[in-house]
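Asker:
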Amino acid sequence: MQSRFSLTTGYSDALEQLCSHLLSQRSGNRRYILAVAGPPASGKSTLAEQLVAKLNATRTDCAALLPMDGFHLDNRILAARGLLSRKGAPETFDAVGFGVTVQRLHDRSSEIIHPVFDRTRDLAVAGAGVITPEVDVIVVEGNYLLLKQEPWVSMRTHYDLTVFLSPPMEVLEQRLIERWLIHGLEEAAAQARAQGNDIPNARLVLEHSDAGDIRLSDR
Numbered sequence: 001m002q003s004r005f006s007l008t009t010g011y012s013d014a015l016e017q018l019c020s021h022l023l024s025q026r027s028g029n030r031r032y033i034l035a036v037a038g039p040p041a042s043g044k045s046t047l048a049e050q051l052v053a054k055l056n057a058t059r060t061d062c063a064a065l066l067p068m069d070g071f072h073l074d075n076r077i078l079a080a081r082g083l084l085s086r087k088g089a090p091e092t093f094d095a096v097g098f099g100v101t102v103q104r105l106h107d108r109s110s111e112i113i114h115p116v117f118d119r120t121r122d123l124a125v126a127g128a129g130v131i132t133p134e135v136d137v138i139v140v141e142g143n144y145l146l147l148k149q150e151p152w153v154s155m156r157t158h159y160d161l162t163v164f165l166s167p168p169m170e171v172l173e174q175r176l177i178e179r180w181l182i183h184g185l186e187e188a189a190a191q192a193r194a195q196g197n198d199i200p201n202a203r204l205v206l207e208h209s210d211a212g213d214i215r216l217s218d219r
């Protein structure tokens, strides 16, 4: 069993401390799996990407990223199910397929191929991500990794350490509206889009997720 990690400082120092911890956990053939969860616009993707980049700066192929976003259902399927306007909600992901991939993460006998979400085209690209057998640390990132419902709960046994990002709801609301403004929507339309889907998803994550081994809230 891997030792648990205690974070003793705030968010600003989390990257350095997490990186040091992950480097210290590389041993033998066993991979170390870190899960980074949190609501949309919490900063989890940025933290996960920076962690992987920092680890790979110490050694090529030291770390790899597995984003949950690659398992978005295609827009055509969502439209057929009446879920297109709810894209990003738990039911709009291939959660079972994601879980199967998570189960494989400790297997170093072959490379793991996974889909990656292309935001410019708003779709998941099959076979766009590769985790090679040489990788020691895998950072899994997504909104619902710590949600207190299946199939997310069953995946938790595969994580060695979990981090949950939880900025205040008012901060998340501002960021989520800003996202749509950046995409060119007018203020009223941006607020409507955020209130109709993104903000309910954020509230779901904050209110119905486990706290994780480490909780970061001061950002």
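Sequential numbering of the sequence shown, starting at 1, is according to the UniProt record's numbering.
Glycine included, every Cβ here is placed at the ideal spot set by N, Cα and C.
Source: prediction; values computed, not measured.
How far does the alpha helix (DSSP H) with residue 211 in it reach, from first residue to last?
Answerer: First-last for residue 211: undefined, no H or E at that position.
Asker: For residue 220, count neighbouring C-beta atoms within 10 Å of its own C-beta (all shown protein chains included) and say buried if the count is 16 or more, exposed if not.
Answerer: As shown, the chain starts at 1 and ends at 219. That puts residue 220 outside it, with no answer to give.
Asker: Please list the terminal residues of the continuous alpha helix (DSSP H) segment that includes residue 99.
Answerer: Start and end: 95-103.
Asker: Quick check: residue 181 and residue 190, are their CB atoms within less than 8 angstroms of each other?
Answerer: Taking 8 angstroms as the Cβ cut-off, residue 181 and residue 190 qualify as a contacting pair.
Asker: So residue 23 and residue 66 are supposed to be a Cβ contact under 8 angstroms. How far apart are they, rounded?
Answerer: That pair is no contact at about 19 angstroms.
Asker: Considering only DSSP beta bridges, list what residue 162 is partnered with.
Answerer: For residue 162, which the question treats as bridged, DSSP gives the partners 35.
Asker: Suppose contacts are defined by Cβ-Cβ distances below 8 angstroms. Is residue 111 in contact with residue 130 by that definition?
Answerer: Result yes, Cβ atoms of residue 111 and residue 130 sit closer than 8 angstroms.
Asker: To the nearest angstrom, how far is the alpha carbon of residue 107 from that of residue 99?
Answerer: Taking the straight line joining both Cα atoms gives about 14 angstroms.
Asker: Have a look at the DSSP bridge pairing and note the partners of residue 40.
Answerer: Partner(s): none; residue 40 has no beta bridge.
Asker: So residue 75 and residue 122 are supposed to be a Cβ contact under 8 angstroms. How far apart are they, rounded?
Answerer: Going by Cβ atoms, the distance from residue 75 to residue 122 rounds to 7 angstroms, so yes, they are a contact pair.
Asker: Quick one: what's got a C-beta closer than 7 angstroms to residue 125's C-beta in the same chain, skipping five residues either side?
Answerer: 115, 116, 118, listed in sequence order.
Asker: Leaving out five residues before and five after residue 215 in sequence, what residues of the same chain have Cβ atoms less than 7 angstroms from its Cβ?
Answerer: The answer, listed in chain order, is 164, 166.
Asker: Can you grab the Cα-Cα spacing for the pair residue 211 / residue 157, in whole Å?
Answerer: Approximately 15 angstroms between the Cα atoms of the pair.
Asker: Roughly how many angstroms separate the alpha carbons of residue 136 and residue 213, rounded to a whole number?
Answerer: Roughly 20 angstroms between the two C-alpha positions.
Asker: Unbroken alpha helix (DSSP H) runs of length 4 or more, entirely within the stretch 174-210: which are they?
Answerer: List check, alpha helix (DSSP H) in window: 187-193, 199-208.
Asker: Nearest-angstrom Cα distance between residue 192 and residue 21?
Answerer: C-alpha separation (whole angstroms): 42 angstroms.
Asker: Whole-angstrom Cβ separation of residue 142 and residue 68, contact assumed at under 8 angstroms?
Answerer: Confirmed, about 3 angstroms.
Asker: For residue 183, is the classification buried or exposed, using 16 other Cβ atoms within 10 angstroms of its Cβ as the cut-off for buried?
Answerer: Its Cβ having fewer than 16 others within 10 Å, residue 183 is exposed.
Asker: Going by Cα to Cα distance, which pick from 175, 206, 207, 196 is closest to residue 87?
Answerer: Comparing Cα-Cα distances from residue 87 to each of 175, 206, 207, 196, the minimum goes to 196.
Asker: Please report the distance separating the alpha-carbon of residue 58 from that of residue 44.
Answerer: Near 22 angstroms, if we compare the C-alpha coordinates of residue 44 and residue 58.
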